[in-house]
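Asks:
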Amino acid sequence: METNYYHPRELEEAAALLEEQEGAVLVNGGSDIILSISAGKITPTGIIDIRGIKSMNTITDDGQYVHIGGNVTYRQMQDSPVCGRIGGLARAAGSVGSPVIRMVATPAGNIATAAPSADCASMMLALDTELVLVSVRGERIVRQKDIYLGAYKTDIQSNEIIKEMRFPSPGPDKGSGYARFSRRKSQDIAKVIAGAVVTVDKKGRCLSAVISLGALNATAVLAPSIGERIKGLGRDEAIQLALKFFPQEAGLRESYFKRYKEETTCNAIAEALDMAFAETERGDLCYACGSL
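Following full-length UniProt numbering, the numbering of the sequence shown begins with 1 at its first residue and continues without gaps.
1) Please return the same chain residues whose Cβ sits closer than 7 Å to the Cβ of residue 219, not counting the five positions on each side in sequence.
2) Sorted by chain position, which residues of the same chain lie with C-beta nearer than 6 Å to residue 49's C-beta, five sequence neighbours on each side aside?
3) Please name the residue or residues paired with residue 196 in a DSSP beta bridge.
4) Just tell me which of 54, 128, 201 and 275 has its CA closest to the CA of residue 64.
5) What is the DSSP secondary structure of residue 145, reduced to helix, strand or coil?
6) Tell me the DSSP bridge mates of residue 252?
7) Out of 87, 212 and 263, which one is the CA nearest neighbour of residue 279?
8) Are the region 187 to 206 and the region 233 to 247 touching, with three or more C-beta to C-beta distances below 8 Å?
9) Just checking, does the region 132 to 140 make contact with the region 14 to 23 on the three C-beta pairs under 8 Å criterion?
10) Considering only C-alpha positions, which residue in the set 12, 228, 9 and 5 is nearest to residue 23?
11) Check each candidate in 85, 76, 81 and 82 and name the one with the smallest Cα separation from residue 96.
12) Would a C-beta distance cut-off of 7 Å place residue 249 and residue 276 closer than the cut-off?
13) Drop a sphere of 10 angstroms on the beta-carbon of residue 178, count the other beta-carbons inside from all chains shown, and report buried for 16 or more, exposed for fewer.
14) Considering only residues of the same chain and omitting the five flanking positions on each side of residue 140, which have a CB-CB separation below 7 Å?
15) Return the CA-CA distance between residue 47 and residue 73, expressed in angstroms with no decimal places.
16) By the three-class DSSP mapping on this structure, what secondary structure does residue 303 have?
17) Which ranges does the beta strand (DSSP E) cover as unbroken runs of at least 3 residues, wholly within the region 54 to 91, from first to last along the chain?
18) Quick one: residues in its chain with C-beta nearer than 7 Å to the C-beta of residue 160, no 5 flanking neighbours on either side, listed in chain order?
19) I believe residue 221 touches residue 213 by the beta-carbon criterion, under 8 Å. Please report the beta-carbon distance rounded to the nearest angstrom.
20) Quick check: the region 190 to 198 against the region 257 to 277, are at least 3 beta-carbon pairs closer than 8 Å?
21) Quick one: measure Cβ to Cβ for residue 243 and residue 216, integer angstroms, because I've assumed they're closer than 8 Å.
22) Taking 7 Å as the threshold (C-beta atoms), are residue 52 and residue 102 in contact?
23) Here's the rule: buried if 16 or more other CB atoms are within 10 angstroms of the residue's CB, otherwise exposed. What is residue 341?
24) Please work out which residues of its chain come closer than 6 Å, Cβ to Cβ, to residue 83, disregarding the five sequence neighbours upstream and downstream, and give them in chain order.
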């Protein structure tokens, strides 16, 4: 079967092609979908390569939202001063695959793929990310937490494109943290992922906390049971509580690594929280390298 290749330069053109070409697929980074095509899991009638759409290739902070375009790669996030000031996001971006993979892979693609162990997608969930989706029918905005239907399944329609991802601009009273555990230190799929965003008062006590977990359930999930328990606590108390409290939302699947995950999930959450609290204490530091 012949597969047609399209290279639109404008978002409207890409949306029109996606509507007209039944069975076509989008490619921006391609690190996930090209593997599926090569393995014969999907046989698209067309490939719509949207990497040339410049309007989707920017990272900005307008004071209300941080905007990350649908074509932005993980390498761009690592190099961005905007992302560099958000420690958890910078570390998550720097944890994806290898340097070569980060040159082409995009968070938009990973969110759309809905892999349970997607690094940056799990962190962006904690940041209360919204997706701006575009089709020939216009735009719709949905919260990331509402799109997941199951492993590799989302509510994003086949004719919709992720124009951008956005989340509230962090103030000086907010900090973010990210931790991932795997059996190998380099280029291994994460077995446990934890993201944390905390808001503190002037004394450094937690006013609110959002915890996300990845690689444990069929999809990345939020763990409000932890956030509720650490309200009013300082950094050390919150970390000690996290080390002892296994969140019910983790909902571990049966797998070869279940015991490993049982033994490390609390540690990952504590590490992410520690980083998030530390960020509120250090002020406007840059984590652009993706590590502390």
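Where a beta carbon is used, it is the ideal one built from N, C-alpha and C, also for glycine.
It should be emphasised that the depicted structure is a prediction, and the values quoted were computed from it without experimental measurement.
Replies: Result, derived from the coordinates:
1) 114, 116, 148, 150 and 151
2) 7 and 27
3) 177 and 211
4) 128
5) helix
6) Beta-bridge pairing links residue 252 to no other residue.
7) 87
8) yes
9) yes
10) 5
11) 76
12) no
13) buried
14) 133
15) 19 Å
16) Absent from the model: residue 303. The displayed extent of the chain is 1 to 292, so no value can be given.
17) 59 to 61 and 65 to 69
18) 133, 134 and 135
19) 5 Å
20) yes
21) About 17 Å separates the two Cβ atoms, so there is no contact after all.
22) no
23) Since the first residue of the chain shown is 1 and the last is 292, residue 341 is not available in this structure.
24) 77, 89 and 90
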